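Colleague: Residue numbers (the UniProt record's numbering): 1 to 166.
For each residue, glycine too, the CB sits at the ideal point set by N, CA and C.
Source: prediction; values computed, not measured.
Handing you this structure, nothing more for now.
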């Protein structure tokens, strides 16, 4: 039973069945080929070494440019901010002026309203007095023509009598 299982799993050869790979030693590469392979690497290292000074200078220049750019952008930001603050201050002055004008206008209208209210109160009092005096005169003498007729042609306030004319 187990023999058949092993035969089924032995379909792939074991690593020991490849003697050419086990016995092989690393081959020495031809010296010309080896130098050809390493020559570009040495040149790259030399370039890197020579570039490091250039890189340091370029990095230094980049930092200088970046700092200059940062200073310029900070200056521009401060200028924009100052301009915006001045604009807001100007707008605030305008709004304060408008507020003062509206406040004065409101005070004037409030005084006018109080005067008119007082005048209405006075006129209502006079009207009540006229009504009460008219009711008293009508009750005493209903036949008398002493009342105000707004449609009369003779501009008299209290009928046709001479005592009521102005």
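Any heavy atom of the ligand FAD closer than 7 Å to the Cβ of residue 106?
Modeller: Among the components modelled here there is no ligand, and therefore nothing to report on the ligand FAD.
Colleague: How big is the Cα-Cα spacing for residue 129 and residue 117?
Modeller: What you label residue 129 is simply residue 129 of the chain shown in a count that begins at 1. What you label residue 117 is simply residue 117 of the chain shown in a count that begins at 1. Cα to Cα, the separation comes out at about 18 Å.
Colleague: Taking the alpha-carbon positions, what's the residue 66 to residue 56 distance?
Modeller: Translated into the one-based positions of the chain shown, residue 66 becomes position 66. Translated into the one-based positions of the chain shown, residue 56 becomes position 56. If you take the alpha carbons of residue 66 and residue 56, they lie about 15 Å apart.
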